[in-house]
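One structure is given here, and the rest of the page talks about it.
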Amino acid sequence: GSIPDFEADLVSRIDGEWAEEVDDWARCDGDVQACVNSWAEESIADACNYAYKDVEEDDHLCDDYRDSRMPVVRKRLAQAAVRLAAVLNAVFPEQMVW
Numbered sequence: 005g006s007i008p009d010f011e012a013d014l015v016s017r018i019d020g021e022w023a024e025e026v027d028d029w030a031r032c033d034g035d036v037q038a039c040v041n042s043w044a045e046e047s048i049a050d051a052c053n054y055a056y057k058d059v060e061e062d063d064h065l066c067d068d069y070r071d072s073r074m075p076v077v078r079k080r081l082a083q084a085a086v087r088l089a090a091v092l093n094a095v096f097p098e099q100m101v102w
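This is how it looks when you write it as structure tokens:
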């Protein structure tokens, strides 16, 4: 698929199946730097638990590998988009982006 199709799919999921989670994704109780650090720790955990799980050095990663990780990739990209919008809204409240 194309990038616009991928983007449309993410927006559809954010508005649909993940809609009840979006407020939690964007929540930042405290300073923005602490939230960003927490979000980075989530990404590190996902990298260890999904992206690199069962991968050995010099492995050839095939389509099955990519396809098996795409649900996590999709959700992490959606979370990143929501969180970036939340940070921008906090920084520029007069120009809400989400």
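In this note's numbering, the protein residues as written are 5 to 102.
Where a beta carbon is used, it is the ideal one built from N, C-alpha and C, also for glycine.
Note that the structure is predicted; figures quoted are calculated from it, not measured.
For L14, which of A90, P97, E45 and M74 has the nearest alpha-carbon? M74
Is F10 helix, strand or coil by DSSP? helix
Going by the beta-carbon positions, is the gap between D50 and V91 smaller than 7 Å? no
Verify whether the separation of the beta carbon atoms of A30 and V95 is less than 7 Å. no
Whole angstroms is fine: what's the gap from I48's alpha carbon to V59's? 16 Å
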